[in-house]
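Working notes for the structure below.
Numbering (UniProt numbering), first residue to last: 1 to 122.
Structure representation (structure tokens):
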């Protein structure tokens, strides 16, 4: 367990997060000017931190791998997935060339086939 302190939005100031328990780091919207990151934990718990996704991934460690998220508006959005929390990677139900990545209680969609995404997370 490695706690990392990160600056966050008021009223919290600074939070300490267990890097091993963060499933994903995604950009805070709108993505055209990403300044903040949102940390996704299992369940519906999230926290916005005042650092870019790249900065947060660097602080949280080597288990975080950068993937292109599947976006409904076709924009290029990148996210970081904690490979140690991935339970299943399977083809997307309706989008060719995309996959669903599952943790215990959360799923995200990424661009790529199962073999490619698995290699990126290995």
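All residues carry an ideal CB built from backbone N, CA and C; glycine is no exception.
Note that the structure is predicted; figures quoted are calculated from it, not measured.
Relative to the C-alpha of residue 44, which residue among 28, 118, 96 and 107 is closest?
Selected option, being the one with the closest Cα: 107.
Quick check: what's the CA-CA separation for residue 101 versus residue 11?
If you take the alpha carbons of residue 101 and residue 11, they lie about 32 Å apart.
Given 7 Å as the limit, tell me if residue 91 has its C-beta closer than that to any heavy atom belonging to the ligand GDP.
Questions concerning the ligand GDP fall outside what the structure shown contains, since it holds no ligand whatsoever.
Would you give the residue range spanned by the alpha helix (DSSP H) that residue 53 belongs to?
Start and end: 53–60.
Look at the alpha carbon of residue 144 and the alpha carbon of residue 97, and state the distance between them as a whole number of angstroms.
Residue 144 falls outside the range modelled here, since the chain spans only 1 to 122, and no answer is possible.
Take residue 114 and list the residues in its own chain whose beta-carbon comes closer than 8 Å to its own, dropping the five residues that flank it on each side.
Taken in chain order, the residues that qualify are 89, 90, 91 and 99.
According to the neighbour-count rule (16 or more other Cβ atoms, all chains shown, within 10 Å of its Cβ), is residue 122 buried or exposed?
Flag for residue 122 reads exposed.
What does the alpha-carbon distance come out to for the pair residue 125 and residue 60?
Since the first residue of the chain shown is 1 and the last is 122, residue 125 is not available in this structure.
Can you tell me where the alpha helix (DSSP H) with residue 115 in it begins and where it stops?
Where residue 115 is concerned, the enclosing alpha helix (DSSP H) stretches over 114–121.
Helix, strand or coil for residue 18, going by three-state DSSP, please let me know.
Note: residue 18 maps to strand in three-state DSSP.
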